[in-house]
Amino acid sequence: MKDIQNIVILTGAGVSAESGVATFRGPDGLWEGHRVEDVATPEAFARDPALVQNFYDERRAKLKTVEPNAAHQALARLDEQWPGDLLLVTQNVDDLHDRAGSERLLHMHGELNSAWCRLCDGRSPFDGRMAADPACPRCDHHGYLRPDIVWFGEMPYQMERIERALAQCDLFVSIGTSGAVYPAAGFVQTARYRGARTLEMNLDPSEGSFHFHESRMGRAGGLVPAWVEEVLRDI
């Protein structure tokens with residue numbers, strides 16, 4: 019690790035699953051009892067906004083019942099103590115990285131605790147019920163708020179910043195992600211092509227596992243703290 023200066027870390031549903039947050043798609047193909055196509059596309063929202071709003075209201079309420087786990091805490095420690103550049107990119111829409119204390123953090127798929135107003139294009143912190151049709155905190159109009167979530171068919175947030183970080187990193191680490199959802203699934207190839215070392219930590223090999231220099235299999239709550247201890251010991 020002596021030659022490592024810049025780190026990019028990607029986290030997925032496997033990190034938050036140990037805190038009790040449902041993974042995006044279960045073995046039955048459903049997400050919390052719903053077809054993804056019915057709750058995670060712009061078309062679904064246009065077709066049945068009440069269903070979609072209630073679905074995300076339930077997910078938002080459930081966030082208040084879970085806590086960051088050892089993996090979240092370890093990554094926050096790394097963020098605090100790592101002297102070089104570091105960017106933690108999460109595909110998760112929960113706030114567990116935030117609550118653990120990570121600051122060099124980017125939510126590429128949006129955040130449950132954020133509302134996007136389609137009228138004024140403003141984004142605001144939000145922890146209530148969107149199905150109740152509250153007014154936009156910025157423009158005060160009703161009827162235009164939607165979850166600030168990147169749905170299928172929409173562009174993830176801050177891709178230019180992510181691409182710059184991947185091009186400049188010495189180490190890319192993927193934690194708890196299936197490697198099935200693009201563009202995040204392609205990050206390892208971008209980083210490796212630019213000369214970065216690549217490490218995967220996951221319960222099982224991801225779909226892109228063969229792109230990584232090293233793979234460590236197991237629970238994030240055990241693997242991540244041990245890895246962070248290694249990294250910080252070598253500073």
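For the sequence shown, my numbering gives the first residue as 19, with consecutive numbering after it.
Glycine is no exception: its CB is placed at the ideal position from the N, C-alpha and C atoms.
Just so it is clear, the structure is predicted and the values come from calculations on it, not from any experiment.
Integer-rounded CB distance, given that residue j should sit under 8 Å from residue i
i, j, result
"S120", "D97", "5 Å"
"C154", "N24", "Their Cβ separation, rounded to whole angstroms, is 38 Å, which puts C154 and N24 out of contact at 8 Å."
"L104", "L124", "Not confirmed; about 11 Å, so no contact."
"H160", "D151", "5 Å"
"L28", "T195", "6 Å"
"F230", "L217", "6 Å"
"D56", "L81", "D56 to L81, Cβ: 21 Å. No contact."
"C157", "L189", "Contact doesn't hold; Cβ gap of about 43 Å is too wide."
Residue i - DSSP class collapsed to helix/strand/coil
i, result
"W134", "strand"
"P101", "coil"
"F190", "strand"
"G128", "strand"
"H159", "coil"
"M219", "strand"
"P152", "coil"
"R141", "strand"
"Y211", "helix"
Pick from the options that is closest to residue i, judged by C-alpha positions
i, options, result
"G38", "F63, T83, S196 and H159", "T83"
"R122", "E181, P67 and T108", "T108"
"A88", "S34, E178 and L221", "S34"
"V191", "A198, Q207 and Y200", "Q207"
"N110", "A202, W134, D252 and G226", "A202"
"G213", "A185, D116 and R65", "A185"
"G51", "V168, S233, A40 and D113", "A40"
"G30", "C157, R179, M126 and R210", "M126"
"F228", "R251, W245, G204 and F63", "G204"
"A79", "G32, F63 and L130", "L130"
"P86", "E181, G32, V54 and D66", "G32"
"Y74", "E247, A244, V26 and G128", "G128"
"G197", "A183, M219, R215 and R182", "M219"
"R182", "V26, P101 and R77", "V26"
"E36", "I193, W245 and P223", "I193"
Bridge-paired residues (DSSP) for residue i
i, result
"V84", "The partner list for V84 (beta bridge, DSSP) is empty, contrary to what the question assumes."
"V26", "L105 and F190"
"P165", "A133"
"T59", "DSSP, once it has assigned bridges, lists no residue as partnering T59."
"E232", "L217"
"L123", "L106"
Test: residue i CB closer than 9 Å to a CB of chain C
i, result
"V246", "The chain inventory of the structure shown lacks chain C, comprising one protein chain alone."
Counting beta carbon pairs with one atom in the region 137-145 and one in the region 173-182, are three or more of them shorter than 8 Å? no
Could you say if the region 86-94 and the region 235-243 meet the contact criterion of at least three C-beta pairs nearer than 8 Å? yes
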